[in-house]
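**Q** One structure is given below, represented as structure tokens, and several questions about it will come after.
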Amino acid sequence: MAGDFSGWIGRTEAVEDVLTPATARSLLATLDQDPDAAAGDFAPQSIHWCLAVPGARMSDLGIDGHPRTGGFLPPAPFSRRMWASSAVEFLAPIRVGSSVRRISKIAAVTEKAGSSGRLMFVDVDHAISANGSPAVRERQTIVYREARAGSGSSKAEPRDLASWTWQREVTPDEVMLFRYSALTFNGHRIHYDLPYATTVEGYAGLVVQGPLVATLLLDLCARQLGADALSRFAFRAVAPAFAGVPLRLKARRDGSSLALAAFGHPGYLVMTAEADIRERL
3 MAGDFSGWIG RTEAVEDVLT PATARSLLAT LDQDPDAAAG DFAPQSIHWC LAVPGARMSD
63 LGIDGHPRTG GFLPPAPFSR RMWASSAVEF LAPIRVGSSV RRISKIAAVT EKAGSSGRLM
123 FVDVDHAISA NGSPAVRERQ TIVYREARAG SGSSKAEPRD LASWTWQREV TPDEVMLFRY
183 SALTFNGHRI HYDLPYATTV EGYAGLVVQG PLVATLLLDL CARQLGADAL SRFAFRAVAP
243 AFAGVPLRLK ARRDGSSLAL AAFGHPGYLV MTAEADIRER L
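Numbered according to this note's numbering, the sequence shown spans residues 3 to 283.
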């Protein structure tokens with residue numbers, strides 16, 4: 003299983019973008035918020051996942067709809083891909099109208115053997131600036147695993163749903179998944195191609211994007227605390243969420259810290275997260 007990926011460590015990629023009012027309004031509308039965004043307004047703190055996204059030519063895509071590995075990302079020996087986790091620092095708000103630059107760097111490549119088969123983890127560091135000033139730092143972990151049919155259903159244990167103070171239920175449907183894939187230029191077919199998701203990758207249905215679940219948790223915080231409320235946010239994907247199945251978004255505040263989680267029906271844990279609230283709040 004072992005491969006030599008030392009040549010990819012330290013590899014960088016830079017992409018530039020502009021946060022237009024249309025992009026900010028589109029994300030707000032997808033979150034069922036008032037789509038009112040003008041130049042200078044704070045954008046949702048999840049907006050960086052919609053910006054400076056590398057564009058791959060159609061001829062450079064794999065069968066799954068992702069760009070083939072072996073360019074910026076190392077050549078993964080396994081076909082199934084998942085955004086496993088992220089740790090994000092919010093250094094400054096990104097305002098509508100800002101010029102944005104994202105510099106991405108391969109930080110680590112690790113191969114492991116787990117109960118679900120062989121795995122390869124790729125850590126990518128992202129540094130996002132807005133109008134030339136640091137705005138967001140993120141360590142993203144992508145996991146590649148062997149293709150195994152029937153392994154897409156949740157096996158997480160049910161958790162207590164009664165002890166949380168902030169709660170909201172959202173049902174991500176096919177339209178929400180389509181909108182979010184369009185916002186993030188994400189061609190992964192598990193989010194819109196049901197026959198592919200179920201017969202090729204073995205999922206129980208269309209898979210809700212991991213960063214969309216994280217975005218909904220960030221939106222839960224914004225509904226309670228207002229814009230630009232968090233200084234740090236970290237999430238870990240536990241099990242897939244599926245289109246048409248209600249997501250129960252939960253948060254618990256302890257001083258300036260937050261514990262968050264997303265649960266699928268009938269209470270299976272989908273994602274855990276933690277966050278720090280800015281001192282001014």
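Beta carbons are placed, not taken as given, at the ideal position from N, Cα and C, and that holds for glycine.
For A110, which residues from the same chain have a beta carbon less than 6 Å from its beta carbon, with the 5 sequence-adjacent residues on both sides left out?
**A** D125
**Q** Round the Cβ separation of G212 and M60 to the nearest angstrom and send it over; I've been treating them as touching at under 8 Å.
**A** So it is not a contact: roughly 24 Å between Cβ atoms.
**Q** May I ask you to report which of helix, strand or coil DSSP gives W51?
**A** helix
**Q** Taking only runs of the alpha helix (DSSP H) that begin and end inside the segment 202-227, which ones reach a length of at least 4 residues, in chain order?
**A** Taking 4 residues as the shortest admissible run, the segment 202-227 contains the following complete alpha helix (DSSP H) segments, listed from N- to C-terminal end: 212-227.
**Q** For E18, which of F74, S88, S100 has the nearest alpha-carbon?
**A** S100
**Q** Here's a check: name, in chain order, each residue in its chain whose Cβ is nearer than 6 Å to the Cβ of S106, leaving out the five neighbours to either side.
**A** E15, V126, H128
**Q** Among residues of its own chain, excluding the 5 on either side of G189, which ones have a beta-carbon nearer than 7 Å to its beta-carbon?
**A** L63, G67, H68
**Q** Leaving out five residues on either side along the sequence, give the residues of the same chain with a beta carbon under 6 Å from the beta carbon of L260.
**A** A253, A277
**Q** From P56 to G73, what distance separates their C-alpha atoms?
**A** 12 Å
**Q** Please confirm whether G251 and A264 have their CB atoms less than 7 Å apart.
**A** Strictly speaking, residue 251 in this sequence is Leu, with Gly absent from that position. Yes, Cβ-Cβ distance for L251 and A264 is below 7 Å.
**Q** So, for E176: in the same chain, excluding its five sequence neighbours on each side, which residues have a beta-carbon less than 8 Å away from its beta-carbon?
**A** Y194, L208, A245, G246
**Q** Taking the beta strand (DSSP E) that R255 falls in, what are its first and last residues?
**A** 249-256
**Q** Span of the beta strand (DSSP E) holding L262?
**A** Counting along the chain, the beta strand (DSSP E) containing L262 begins and ends at 259-266.
**Q** What distance in whole Å lies between the Cβ atoms of V90 and A236, which are believed to be in contact at a cut-off of 8 Å?
**A** Indeed they touch by this definition, with Cβ atoms about 7 Å apart.
**Q** Which partner residues does T167 have in the DSSP bridge list?
**A** DSSP, once it has assigned bridges, lists no residue as partnering T167.
**Q** Does the distance from the C-beta atom of L30 to that of P23 stay below 7 Å?
**A** no
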